[in-house]
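Participant:
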């Protein structure tokens, strides 16, 4: 964005690669307009050099945000159903399972970076596991 100059055109392949939501899209479009930079979205065939392009961009942004919100809602419902059926338990906490072994290795004098490498966990996880006993 910092390299865009007056008269340039910012080209993106898909709208969702540019903005997170409608408010963010409006903010970006306003910033581009202030710099006198146009925007083209290839998969939609939208070009903000024309008023209709700007209108379509705002409408498509709103639709994309709506689709995202609906997808997240369905995801939450699916997770809640799976949990109620006892099929969803979440990610297995791998570092917690190895906390005792990490403490034993630390007691043997191994450095935390070496413990993390051997156990296949992050160094931060080793620090947490070791700190629990202190």
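Residue numbers (the numbering used here): 2 to 135.
We treat Cβ as the ideally placed atom computed from N, Cα and C, and that holds for glycine.
On the DSSP bridge assignment, give the partners of residue 48 in chain order.
Facilitator: In the chain shown, residue 48 corresponds to position 47, counting from 1. According to DSSP, residue 48 bridges with 41.
Participant: Quick check: what's the CA-CA separation for residue 96 versus residue 105?
Facilitator: To locate residue 96, count along the chain shown from 1; it is residue 95. To locate residue 105, count along the chain shown from 1; it is residue 104. Cα to Cα, the separation comes out at about 14 angstroms.
Participant: Could you spell out the range, first to last residue, of the beta strand (DSSP E) harbouring residue 14?
Facilitator: Residue 14 sits at position 13 when you count from the first residue of the chain shown. Premise fails: residue 14 is in no beta strand (DSSP E) and is neither H nor E.
Participant: With C-beta atoms as the reference, is residue 12 less than 8 angstroms away from residue 43?
Facilitator: As a working mapping, residue 12 is identified with position 11 in the chain shown. As a working mapping, residue 43 is identified with position 42 in the chain shown. Their beta carbons are under 8 angstroms apart, which means residue 12 touches residue 43 by this criterion.
Participant: Taking the CB atoms as reference points, tell me whether residue 143 and residue 30 lie closer together than 8 angstroms.
Facilitator: Here the chain comprises residues numbered 2 to 135, so residue 143 is not present and cannot be evaluated.
Participant: Would you call the region 81–100 and the region 34–53 in contact, with 3 or more CB pairs under 8 angstroms?
Facilitator: Segments in contact, no.
Participant: In whole angstroms, give me the CA-to-CA distance for residue 55 and residue 101.
Facilitator: For the purposes of this step, residue 55 is identified with residue 54 of the chain shown, where counting begins at 1. For the purposes of this step, residue 101 is identified with residue 100 of the chain shown, where counting begins at 1. Answer to the nearest angstrom: the Cα atoms are 59 angstroms apart.
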